[in-house]
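As structure tokens, the structure follows; a few thoughts come after it.
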Amino acid sequence: MAAEKALNLGVEPPKDVTPPDGYEVVLHKNALEPGEVIEVIIAGKAIAVANVGGAWHACSNACPHAEGPLGEGRLEGHVLTCPYHGWQFDLRDGTCLTSPGDTIATYPVEVVGDAVCVAV
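Residues 0 to 119 in numbering that gives the first Met the number 0 are what the sequence shown spells out, letter by letter.
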């Protein structure tokens with residue numbers, strides 16, 4: 000089953016790709032430019048997927064501070080900033096840079112052919 004929601008990006012996720020076990024195809028690898036982030040829904044979970052200079056990352060879409068939509072945040076390098084109150088997270092491990100001790104869930108990402116696949 001492909002991602003239930005991916006914003007209309009103009010590039011359809013590949014349908015001829017078999018993702019690794021436990022992964023879902025969420026995007027075509029050309030759907031996001033480096034430095035862009037988007038919200039997708041996978042198995043009922045809101046996930047933010049980001050292209051960090053060609054390296055892909057996925058994390059919970061909800062900021063732990065006020066449930067801000069991280070998929071609408073600003074991405075600078077590996078740092079994703081919540082659009083609500085500016086909390087910042089390192090996408091490599093989910094560490095909150097603004098409030099030490101707070102974290103967001105991160106999810107494994109694999110690129111298979113032209114498909115970006117996320118495990119949740």
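Backbone N, C-alpha and C fix where the C-beta goes; we use that ideal spot for every residue, glycine too.
Point to revise | Cβ-based burial, Pro19 [other Cβ within 10 Å; buried from 16] | key: Counting every other CB atom within 10 Å of its CB across the protein chains shown gives Pro19 a total below 16, marking it as exposed.
Exercise for review: Measure how close the beta-carbons of His27 and Ala114 come, nearest whole angstrom, since I'm counting them as under 8 Å.
Suggested key: That belief holds up - the Cβ atoms of His27 and Ala114 are roughly 7 Å apart, short of 8 Å.
Check your understanding: Would you call the CB atoms of Tyr106 and Cys58 closer than 9 Å?
Key -> Taking 9 Å as the Cβ cut-off, Tyr106 and Cys58 qualify as a contacting pair.
Practice item. Could you check what DSSP says for Glu109 in three-state terms: helix, strand or coil? Key: Three-state result, Glu109: strand.
Review point. How should Thr80 be labelled, buried or exposed, when 16 other C-beta atoms within 10 angstroms of its C-beta is the threshold for buried?
Key: Classified as buried, Thr80 has 16 or more neighbouring CB atoms from the shown chains inside 10 Å of its CB.
Point to revise | Nearest-angstrom Cβ-Cβ length linking Leu90 and His77, presumed shorter than 8 Å | key: Rounded, the Cβ-Cβ distance is 5 Å, consistent with contact.
Check your understanding: How would you label Pro12, buried or exposed, when you count the other beta carbons within 10 angstroms and need 16 or more for buried?
Key -> Using a 10 angstroms sphere on the CB of Pro12, the tally of other CB atoms reaches 16 or more, which defines it as buried.
Check your understanding: In chain order, what residues of the same chain have a beta carbon less than 8 Å from the beta carbon of Pro33, not counting five sequence neighbours either side?
Key -> Within its own chain, the residues whose Cβ lies closer than 8 Å to the Cβ of Pro33, once the five positions on either side in sequence are excluded, are Asn50, Val51, Gly52 and Gly53, listed in chain order.
Exercise for review: Would you mind working out which of Asn29, Ser98 and Glu71 sits nearest Val39, comparing C-alpha positions?
Suggested key: Considering only Asn29, Ser98 and Glu71, the residue with the shortest C-alpha distance to Val39 is Glu71.
Review point. Less than 9 Å separating the beta-carbons of Glu35 and Cys116?
Key: No; because the gap between Cβ atoms is not below 9 Å, this pair is not in contact.
**Study point:** Minimum C-alpha distance to Pro82 - residue among Gly100, Ala65 and Asn29
**Key:** Comparing Cα positions, the closest option is Ala65.
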